[in-house]
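J.: The numbering of the sequence shown is the working numbering, which starts it at 7 and goes up by one. Glycine included, every Cβ here is placed at the ideal spot set by N, Cα and C. No experiment lies behind these values; they were computed from the predicted model shown. Dumping the structure here so I can ask a few things about it.
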Amino acid sequence: MMTEMLDCDAVMRQLWDYLDGELTPDREEAVRAHLVVCNRCHPQHDFEQSFLRALSASRREHSRPDAIKARVLATLRADGFAA
Ligand SMILES: [Zn+2]
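Below, the structure written as structure tokens:
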């Protein structure tokens, strides 16, 4: 195995930074390698990715907080998450 193997806790701690693209390339690769093989972390990754996408879409609209929250929840539901 070429990349460092992370445990689930380590991946969870870095997941937001990973999704924001703020990890170093080595760390990013280690997290990605873990997510590919780990059934426990993958759903969490999908959820947070959808959440961030909804959030950034809302930011662009400069909506009121209530509208942003509603849109985030709607996007999560559209992606199959019970929110
Ligand atoms: Zn894991």
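How big is the Cα-Cα spacing for E34 and R66?
T.: 27 Å
J.: Looking at ligand 1, does it come within less than 8 Å of V17, judged from the CB to the closest heavy atom?
T.: yes
J.: Tell me which same chain residues have a C-beta within less than 8 Å of the C-beta of A63, skipping the five on either side of it?
T.: R77, T81
J.: Any heavy atom of ligand 1 inside 8 Å of the beta-carbon of D13?
T.: yes
J.: For the stretch 26-33 against the stretch 45-54, do three or more pairs of beta-carbon atoms, one drawn from each stretch, fall closer than 8 Å, so that the two count as touching?
T.: no
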